[in-house]
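Below is one structure; the comments refer to it alone.
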Ligand code: DGL
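Numbering (our numbering), first residue to last: 2 to 254.
Following this line, the structure appears as structure tokens:
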């Protein structure tokens, strides 16, 4: 089957489903092919060259299936590989996710703003450059969260280990911050736990911006779908139906 009227999305796992949720809101008539690269996860602990190589292989896989647009629903993969993928596919729509640091800074000037992301993302030049551009406007505090994505992938969001790990990473900022940037697409799934630790905070997430950019580029090229019964297909590189069932569940909650 060729997927020429589908949008291809990939992430290292379930994280991209937090982006998919936004895409479904903005573009409810699009057919979607979602690919979670569980076999190679987590990306965030790998060297940049490896993340780039794996991400390019995912792009090849989805474009070989004929998708009309590619959404990189992963901050780590976007920072390491979006330029490389665009270079290889100059005529295709390739949308990356931008961490929503700017709106956080605009609404919380001069304050402490937590930027939670994978170790890989926070190390990357591109991400650091964006942080540096805004650094004089607010106190941006990088919080690498190794292990958090892995716990979310265990399919039990009530696992107390999630709370324990979050407490370790952000507990010291209780009462010290009113803004958190989700720099990894997995973290919105534990937003309630983050809020329960930090209290009254604004959460900034690049997913809705990415969905709007997709809508804009599809419209510009006359590629919007009008499917009456849009199809959402989930695939995982680990080949387990339990994994794709988990992705589907997370879309629907
Ligand atoms: N969901 C991913 C992100 O947005 C990465 C998680 C990982 O594979 O480490 O960065």
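The C-beta atom is built at its ideal place from N, Cα and C for all residues, glycine as well. Only a predicted model underlies this, so the values are computations on that prediction, with no experimental measurement involved.
Residue 20 has its alpha-carbon roughly 14 angstroms from the corresponding atom of residue 235. In the DSSP assignment, residue 180 is bridged to 114 and 203. Taking a contact to require three or more Cβ pairs closer than 8 angstroms, the stretch 208-225 and the stretch 89-108 qualify as touching. Cβ atoms of residue 205 and residue 105 come within 8 angstroms of each other, at about 4 angstroms. Counting only the Cα atoms, residue 251 lies some 14 angstroms from residue 12.
Taking a contact to require three or more Cβ pairs closer than 8 angstroms, the stretch 112-125 and the stretch 83-93 do not qualify as touching. Of the candidates 37, 142 and 171, the residue whose Cα lies closest to the Cα of residue 198 is 171. Counting of Cβ neighbours within 10 angstroms places residue 3 among the exposed residues, the total staying below 16.
As computed with DSSP, residue 57 is found in no beta bridge at all. Residues 27, 28 and 225 of the same chain have their beta carbon placed closer than 8 angstroms to that of residue 216, with the five preceding and five following residues left out of the count. Rounded to the nearest angstrom, the gap between the Cα atoms of residue 76 and residue 130 is 15 angstroms.
With a cut-off of 7 angstroms, the C-beta of residue 77 is classified as near the ligand DGL, since at least one heavy atom of the ligand falls inside that distance. DSSP, read as helix, strand or coil, puts residue 4 in coil. Taking a cut-off of 8 angstroms for Cβ pairs, the stretch 142-149 and the stretch 108-121 touch, as three or more such pairs fall below it.
Across the structure, residue 185 and residue 165 are spaced so that their CA atoms are roughly 19 angstroms apart.
Taking C-beta atoms as the reference points, residue 71 and residue 60 count as a pair closer than 8 angstroms. Under the three-state reduction of DSSP output, residue 98 falls in the coil class, being neither helix nor strand.
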